[in-house]
């Protein structure tokens, strides 16, 4: 199945840029951090050994940086439908500012930062760049994720 030769208009692009998701909040639990570290095979004691973590510069357990991937349900609703049958994760860049700790309430909000179109072998491809901001209960930004979605 091929995609259309062109899809994205300048008006659509302008409508999409700045669209934000509804906030999604995750209550961070100690067991969740420990299971996540085990699942990714990271034995670092600051993720799973409370006594050792207390002696670290963090002063207690913290979550591995990739832990924020476990925040589910962040959905952007565009003012139009991306009528493509395929989606591809084009990669992410992360920036970290604060550690994530047990007891934190992390709220994630995604925003469309850019949307462009290119033509590939199968037709039009839409590249959508989103920035997800992760904030803790003290309104401190703990991390940002810049992600590229490719629809074709």
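Residue numbers (the working numbering): 25 to 176. We treat Cβ as the ideally placed atom computed from N, Cα and C, and that holds for glycine.
Bridge partners - residue i, DSSP secondary structure assignment
i           : result
residue 133 : 157
residue 48  : 132
residue 151 : 140 and 174
Whether residue i touches residue j by CB criterion (9 Å)
i           : j           : result
residue 101 : residue 43  : yes
residue 125 : residue 48  : no
residue 45  : residue 134 : yes
residue 123 : residue 166 : yes
residue 41  : residue 86  : no
Backbone CA spacing between residue i and residue j [nearest angstrom]
i           : j           : result
residue 144 : residue 108 : 13 Å
residue 38  : residue 104 : 12 Å
residue 63  : residue 146 : 37 Å
residue 114 : residue 29  : 21 Å
residue 106 : residue 175 : 7 Å
residue 81  : residue 50  : 25 Å
residue 170 : residue 155 : 4 Å
residue 65  : residue 76  : 18 Å
residue 178 : residue 128 : No statement about residue 178 is possible, as the shown extent of the chain runs from 25 to 176 and does not include it.
residue 35  : residue 136 : 15 Å
residue 157 : residue 92  : 10 Å
residue 67  : residue 83  : 18 Å
residue 73  : residue 33  : 53 Å
residue 117 : residue 132 : 16 Å
Supposed close pair residue i, residue j - CB separation, criterion 8 Å
i           : j           : result
residue 120 : residue 88  : About 11 Å separates the two Cβ atoms, so there is no contact after all.
residue 95  : residue 130 : 6 Å
residue 141 : residue 31  : 6 Å
residue 172 : residue 153 : 5 Å
First and last residue of the uninterrupted alpha helix (DSSP H) at residue i
i           : result
residue 71  : 69-72
residue 114 : Residue 114 -> not in any alpha helix (DSSP H); beta strand (DSSP E) instead, spanning 111-120.
residue 174 : It is not in any alpha helix (DSSP H) - residue 174 instead sits in the beta strand (DSSP E) that spans 165-175.
residue 37  : 34-40
residue 57  : 54-63
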